[in-house]
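Asks: Numbering (the numbering used here), first residue to last: 79 to 173.
Structure (structure tokens):
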């Protein structure tokens, strides 16, 4: 291997992964690094695991649209350091 080959390998590795920021309603941020082909369900599960929230009570949004767990960053055309918003689902209403 020559010195010229090493940077290409590192570049290929960074292209396979993406850094995403998940922002809660309190504006707290948690950063994640996942593969571009990994279903976002893994990121969602990790987020609720870290925050202690109920998975069924939160919604994950990207560019204002709800994210489905089976979708991947590649499918959503996400770019490095993009933000995913988390909102808590409110049930019921005023009487």
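From the three backbone atoms N, C-alpha and C, an ideal C-beta is built for every residue, glycine too.
Near residue 177, which residues of its chain fall below 6 Å by C-beta distance, leaving aside the five closest residues on each side in sequence?
Replies: The requested residue 177 does not occur in the structure, where the chain is confined to residues 79 to 173.
Asks: Over what stretch of residues does the beta strand (DSSP E) that includes residue 119 continue unbroken?
Replies: In the chain shown, the residue the question calls residue 119 occupies position 41. Unbroken run through residue 119 is the alpha helix (DSSP H), 119-129; no beta strand (DSSP E).
Asks: Taking only three categories from DSSP, how would you classify residue 144?
Replies: Taking the first residue of the chain shown as position 1, residue 144 is located at position 66. Strand.
Asks: Under a Cβ-count criterion, where at least 16 other Cβ atoms within 10 Å of its own Cβ denotes burial, should residue 156 be classed as buried or exposed?
Replies: Residue 156 sits at position 78 when you count from the first residue of the chain shown. So residue 156 counts as buried.
Asks: In angstroms with no decimal places, state the Cα-to-Cα distance between residue 92 and residue 115.
Replies: Translated into the one-based positions of the chain shown, residue 92 becomes position 14. Translated into the one-based positions of the chain shown, residue 115 becomes position 37. The predicted position of residue 92 is uncertain, since its pLDDT is 48 and thus under 50; a value taken from the coordinates is nonetheless stated next. Rounded to whole angstroms, residue 92 to residue 115 spans 13 Å at the Cα level.
Asks: In the DSSP assignment, what residue or residues form a beta bridge with residue 163?
Replies: Within the chain shown, residue 163 is the residue found at index 85, counting from 1. Note: residue 163 sits in a beta bridge opposite 101 and 139.
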